[in-house]
Structure formats: structure tokens, C-alpha cells
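Enquirer: One structure, pasted below without further comment.
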Amino acid sequence: MASDISKKIRLAIWLLLCILLAGFWLVKHYYAKQYDESRQLAALVEDGVWNALSDSDRIIEETTAALEKNPRDAEAYFRRGVAFSDNDDTDEALSDFNSALKAEPGFAEAWYYRGVVRSCMGEWEQAEADYRKSEELSPGMARAHYHRERIWFPESRFNYHQTPYDRILKIDPGRARECYLLGVRSFENKQYRPALRYFREAVEKNTLDAEACNFLGWILATCPDKALRNPRQALELAEKAVALRPFAYTYDTLATAHAATGDFEKAARIQKEGIALLKETSMNSATKARYLAEYTAHLSAYQSRKCFWEK
1 MASDISKKIR LAIWLLLCIL LAGFWLVKHY YAKQYDESRQ LAALVEDGVW NALSDSDRII
61 EETTAALEKN PRDAEAYFRR GVAFSDNDDT DEALSDFNSA LKAEPGFAEA WYYRGVVRSC
121 MGEWEQAEAD YRKSEELSPG MARAHYHRER IWFPESRFNY HQTPYDRILK IDPGRARECY
181 LLGVRSFENK QYRPALRYFR EAVEKNTLDA EACNFLGWIL ATCPDKALRN PRQALELAEK
241 AVALRPFAYT YDTLATAHAA TGDFEKAARI QKEGIALLKE TSMNSATKAR YLAEYTAHLS
301 AYQSRKCFWE K
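Read left to right, the sequence shown gives residues 1 to 311 (full-length UniProt numbering).
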């Protein structure tokens with residue numbers, strides 16, 4: 001009798017375990033499917049590709065004509081790829097971005113946009129690799145880093161002010177990267193006070209974070225809210241950023257910090273060094289021309305003993 005009861009108990013326990021395991025598998029499968037679908041849907045509203053263009057069909061027609069004359073025109077492939085993206089034609093967009101990169105491997109913007117298209121196609125690892133390559137070619141392209149990080153957090157795309165990084169920090173307050181990304185978000189929204197707070201926290205948690213040092217130095221030197229400026233601190237942070245990451249954009253920030261302290265001669269000298277570095281940097285020619293014009297304008301201001309950010 002006791003043996004029969006024992007068998008029934010074991011059978012009941014076994015059945016209960018089977019039910020629990022089956023339930024766990026079903027729940028996991030359901031949420032994995034929902035999460036993957038939400039990531040693909042989120043990618044469709046990725047800024048920079050799915051924003052409405054003035055006339056995508058006209059752009060496709062013009063760039064196609066340009067490519068008939070010059071089949072290696074990377075810029076034309078790129079523009080047509082963005083237009084195809086706007087028309088939700090991800091296959092054609094991907095093909096054009098591939099062609100742009102074949103013609104000009106240093107085209108940082110094309111790497112970035114191909115990453116966006118791959119996100120739309122659910123190719124998450126390839127998209128992350130493209131974002132990373134874009135960062136390597138153009139270290140000042142914060143959005144490439146930002147989108148690479150947030151590729152796994154689709155809800156942040158639906159509400160620019162609502163970010164999952166807040167939740168992560170509540171769980172693990174020691175994470176520096178999330179502080180940095182919140183700083184970027186605040187800076188892009190021109191919310192300078194919270195941006196300063198987040199970047200300071202990022203630097204405190206990771207003293208080797210060159211990007212956070214650079215952003216913090218820039219805000220402390222040029223913030224539209226003059227009450228938040230601190231040129232001396234800006235200079236210290238910019239010097240650290242250059243030491244950690246000696247690229248043209250960190251030199252630009254360092255020159256800006258020197259100008260903020262009133263040392264225009266040193267600002268001009270450092271700006272020239274930054275411009276020289278930029279000229280040696282491999283990136284898309286149009287992007288390089290844009291940065292070169294910006295940095296040259298800064299240099300002209302310093303040579304005239306002026307701060308370019310002061311109106």
C-alpha cells in the first residue's frame with residue numbers, strides 16, 4: 001500500500017516537472033519571438049534612414065543616371081541606397097551600400113547606413129559589426145556607437161526620452177557605459193545639466209573613458225548656459241581625452257578648451273595639429289570635407305582671437 005502511494009507521489013512530481021518545463025519553454029519561445037519582432041519593427045523607425053526624404057524616386061533616377069556615367073561613384077551608390085531605404089526596399093539598399101563600400105572602403109557613412117539596413121533585416125551581429133567599423137573610420141560619429149549599443153534595446157527608438165539605460169543603472173549603478181550613453185542622449189537633446197551629470201558619472205566610474213572626457217570637456221567649454229561652464233576643468237578633461245585617444249576631434253576639443261581659457265595662440269597651434277590629423281584620417285571624402293571646413297572655421301576664429309561658439 002505504502003509502495004503504491006510512493007509511486008503515485010513520484011509520478012505526480014514527475015508530471016508536475018514536465019508541465020513546468022513545458023510551460024517555461026513556451027514562455028521563453030513566446031517572448032523570444034516577440035522580442036525579435038520588436039527589434040525588427042524598431043529598426044524600421046531608425047533615424048537617418050527612414051526619415052522622409054524630399055523625393056526618393058527622383059534621387060534614385062538621378063543617381064542611377066550618374067552611375068551609368070561612372071559605375072564607381074561611391075557617393076551616388078550611397079545616396080541611392082538611402083533613397084531605396086526610404087522606399088522600404090532593403091535588398092536594393094543593401095546592394096547599393098555594398099557597392100559604395102566596394103568603391104570606397106573608407107566611407108564611414110555607408111558602413112553606418114548599411115548597419116541600419118541590416119538591423120531592419122534582423123541581421124543583428126552584422127549590423128553591430130558595421131556600426132563598429134563606422135566608428136573606427138570616423139571616431140567622432142557618436143551616433144554609430146550609440147546605435148550599436150542600443151541595437152539590443154528597441155524600446156529606446158520609440159521614445160527618444162525613455163531609455164533602457166536608466167533601468168540598467170538602477171539594477172547595476174556601477175556601469176559607466178550606460179552613464180555615457182545617457183549623457184549622449186541628453187547632449188543631443190540640448191539638456192546640458194543632466195548631460196554634465198551623466199558624463200561626470202561615466203568618468204568617475206571609468207577614468208579611461210576618452211569619449212566621456214571629450215564630451216564633458218566640450219560642454220564645460222562651450223555650453224550655451226554660461227553658468228555651467230568651467231574652462232579650467234574643460235582643459236584638464238580635453239588633455240586627458242587627447243592622451244587616451246589622439247584623434248582629430250579630441251584635438252578640436254582641446255583647442256576649444258584653450259580658447260575658452262583665453263589662450264588663443266595655443267588653441268590655434270593645437271587646431272592645426274588636429275587638422276593635420278584629419279587630413280591623414282581615412283574616411284569618406286564628403287565627410288572629411290565637412291569636418292575640414294568646420295575645423296578650419298574654428299582655426300580662423302582662434303587666429304582672430306575669438307571663440308567660435310560665442311554669438
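Just so it is clear, CB atoms sit at the ideal spot from N, CA and C, and this is done for glycine as well.
Fair warning: this is a prediction, and the values are worked out from it, not measured in the lab.
Return helix, strand or coil for Asp130, following the three-state DSSP convention.
Expert: Here residue 130 is taken as the residue at index 130 of the sequence shown, counted from 1. DSSP places Asp130 in helix when its eight states are reduced to three.
Enquirer: Using 8 Å as the threshold, is the C-beta distance between Gly274 and Ala241 below it?
Expert: Within the sequence shown, numbered from 1, the residue matching residue 274 stands at position 274. Within the sequence shown, numbered from 1, the residue matching residue 241 stands at position 241. Contact: no.
Enquirer: Enumerate in chain order the residues of its own chain whose CB-to-CB distance from Phe78 is below 6 Å, with the five nearest sequence positions on each side excluded.
Expert: Residue numbering aside, residue 78 sits at position 78 when the sequence shown is read from its first letter. Once the five neighbours on either side are set aside, the close Cβ partners of Phe78 are Ala100, Ala110.
Enquirer: Assuming residue 399 and Ala195 are in contact, meaning their beta carbons sit under 8 Å apart, how far apart are those beta carbons, in whole angstroms?
Expert: Because the chain here runs from 1 to 311, residue 399 falls outside it and cannot be looked at.
Enquirer: Where does Asn189 sit, in a helix, a strand or coil, going by DSSP?
Expert: Here residue 189 refers to the residue found at position 189 when the sequence shown is read from its first residue. Of the three classes helix, strand and coil, the one that applies to Asn189 here is coil, per DSSP.
Enquirer: List the whole-angstrom C-beta distance separating Ala202 from Cys179, where the pair is believed to meet the contact cut-off of C-beta under 8 Å.
Expert: As a position in the sequence shown, residue 202 is number 202, starting the count at 1. As a position in the sequence shown, residue 179 is number 179, starting the count at 1. Between Cys179 and Ala202 the Cβ distance is about 4 Å, and since that is below 8 Å, they are a contact.
Enquirer: Measure the CB-CB distance between Gly217 and Ala238 and report whether it falls below 8 Å.
Expert: Numbered from its first residue, the sequence shown carries residue 217 at position 217. Numbered from its first residue, the sequence shown carries residue 238 at position 238. The answer is yes: Cβ separation under 8 Å.
Enquirer: Nearest to Gln271 by CA position, among Phe84, Ala66, Ala297, is which residue?
Expert: Here the question's residue 271 lines up with position 271 in the sequence shown. Taking only the C-alpha atoms, the option nearest Gln271 is Ala297.
Enquirer: The alpha helix (DSSP H) spanning Glu273 covers which residue range?
Expert: Here residue 273 refers to the residue found at position 273 of the sequence shown. From DSSP, the alpha helix (DSSP H) with Glu273 extends over 264 to 280.
Enquirer: Alpha carbon to alpha carbon, how far is Gly262 from Asn87?
Expert: Translated into positions along the sequence shown, residue 262 becomes position 262. Translated into positions along the sequence shown, residue 87 becomes position 87. Straight-line Cα distance between these residues: approximately 50 Å.
Enquirer: Check for me: the alpha helix (DSSP H) holding Ser300 runs from which residue to which?
Expert: Here residue 300 refers to the residue found at position 300 when the sequence shown is read from its first residue. Unbroken alpha helix (DSSP H) run through Ser300: 285 to 303.
Enquirer: Along the alpha helix (DSSP H) that carries Thr64, what are the first and last residues, could you check?
Expert: Against the sequence shown, residue 64 aligns to sequence position 64. Unbroken alpha helix (DSSP H) run through Thr64: 56 to 69.
Enquirer: Just to confirm the assignment, what range does the alpha helix (DSSP H) spanning Arg80 have?
Expert: Sequence index remark: in the sequence shown, residue 80 carries index 80 (1-based). From DSSP, the alpha helix (DSSP H) with Arg80 extends over 74 to 86.
Enquirer: Under three-state DSSP, which class holds Asn206?
Expert: The sequence position of residue 206 within the sequence shown is 206, counting from 1. Here Asn206 sits in coil by DSSP.
Enquirer: Pick from His258, Ala293, Ala286: whose alpha carbon is nearest that of Leu235?
Expert: What you label residue 235 is simply residue 235 of the sequence shown in a count that begins at 1. Comparing Cα positions, the closest option is His258.
Enquirer: Roughly how many angstroms lie between the CA atoms of Asn230 and Trp309, to the nearest whole one?
Expert: In the sequence shown, residue 230 corresponds to position 230, counting from 1. In the sequence shown, residue 309 corresponds to position 309, counting from 1. Distance between the alpha carbons of Asn230 and Trp309 is about 15 Å.
Enquirer: Would you tell me roughly how many angstroms separate the C-alpha atoms of Asp130 and Asp73, rounded to the nearest one?
Expert: The sequence position of residue 130 within the sequence shown is 130, counting from 1. The sequence position of residue 73 within the sequence shown is 73, counting from 1. Going from the Cα of Asp130 to the Cα of Asp73 covers about 21 Å.
Enquirer: If I follow the unbroken alpha helix (DSSP H) through Asp229, where does it start and stop?
Expert: As a first step, residue 229 is located in the sequence shown; it is residue number 229 there, counting from the start. The sequence as given places Arg at residue 229; Asp does not occur at that position. Here Arg229 belongs to no alpha helix (DSSP H), and DSSP marks it neither H nor E.
Enquirer: Once DSSP output is grouped into helix, strand and coil, what is the label at Pro246?
Expert: Counting from one through the sequence shown, the residue named residue 246 turns up at place 246. Coil at Pro246, not helix or strand.
Enquirer: Let me know if Leu228 comes out buried or exposed under the rule of 16 or more other beta-carbons within 10 Å of its beta-carbon.
Expert: In the sequence shown, the residue the question calls residue 228 occupies position 228. Leu228 should be labelled exposed.
Enquirer: Looking at the ligand FMN, does it come within less than 7 Å of Leu299, judged from the CB to the closest heavy atom?
Expert: Although the ligand FMN was asked about, the structure shown includes no ligands whatsoever.
Enquirer: What's the call for Lys133, buried or exposed, on a 16-neighbour Cβ count within 10 Å?
Expert: Residue 133 sits at position 133 when you count from the first residue of the sequence shown. Buried, by the Cβ-count rule.
Enquirer: CB Asn214 to CB Thr250, shorter than 8 Å?
Expert: Locating residue 214 in the sequence shown gives position 214, counting from the first residue. Locating residue 250 in the sequence shown gives position 250, counting from the first residue. Yes; because the gap between Cβ atoms is below 8 Å, this pair is in contact.
Enquirer: Please confirm whether Leu94 and Arg114 have their CB atoms less than 8 Å apart.
Expert: Residue numbering aside, residue 94 sits at position 94 when the sequence shown is read from its first letter. Residue numbering aside, residue 114 sits at position 114 when the sequence shown is read from its first letter. Cβ atoms of Leu94 and Arg114: closer than 8 Å.
Enquirer: What residues in its chain sit with their C-beta under 6 Å from that of Asp252, if we drop five residues either side in the sequence?
Expert: Walking along the sequence shown from the start, residue 252 turns up at place 252. Around Asp252: Gly274, Tyr295.
Enquirer: Helix, strand or coil for Trp309? Go by DSSP, reduced to three states.
Expert: In the sequence shown, counting from the first residue as 1, residue 309 sits at position 309. Here Trp309 sits in coil by DSSP.
Enquirer: Quick check on the DSSP output: the alpha helix (DSSP H) that includes Glu123 runs from which residue to which?
Expert: Against the sequence shown, residue 123 aligns to sequence position 123. Premise fails: Glu123 is in no alpha helix (DSSP H) and is neither H nor E.
Enquirer: Tell me whether Ala260 is buried or exposed, calling it buried when 16 or more other Cβ atoms sit within 10 Å of its Cβ.
Expert: In the sequence shown, counting from the first residue as 1, residue 260 sits at position 260. Buried: at least 16 other Cβ atoms inside 10 Å.
Enquirer: Would DSSP call Pro194 helix, strand or coil?
Expert: One-based indexing of the sequence shown puts residue 194 at position 194. Looking at Pro194 - three-state DSSP - the assignment turns out to be helix.
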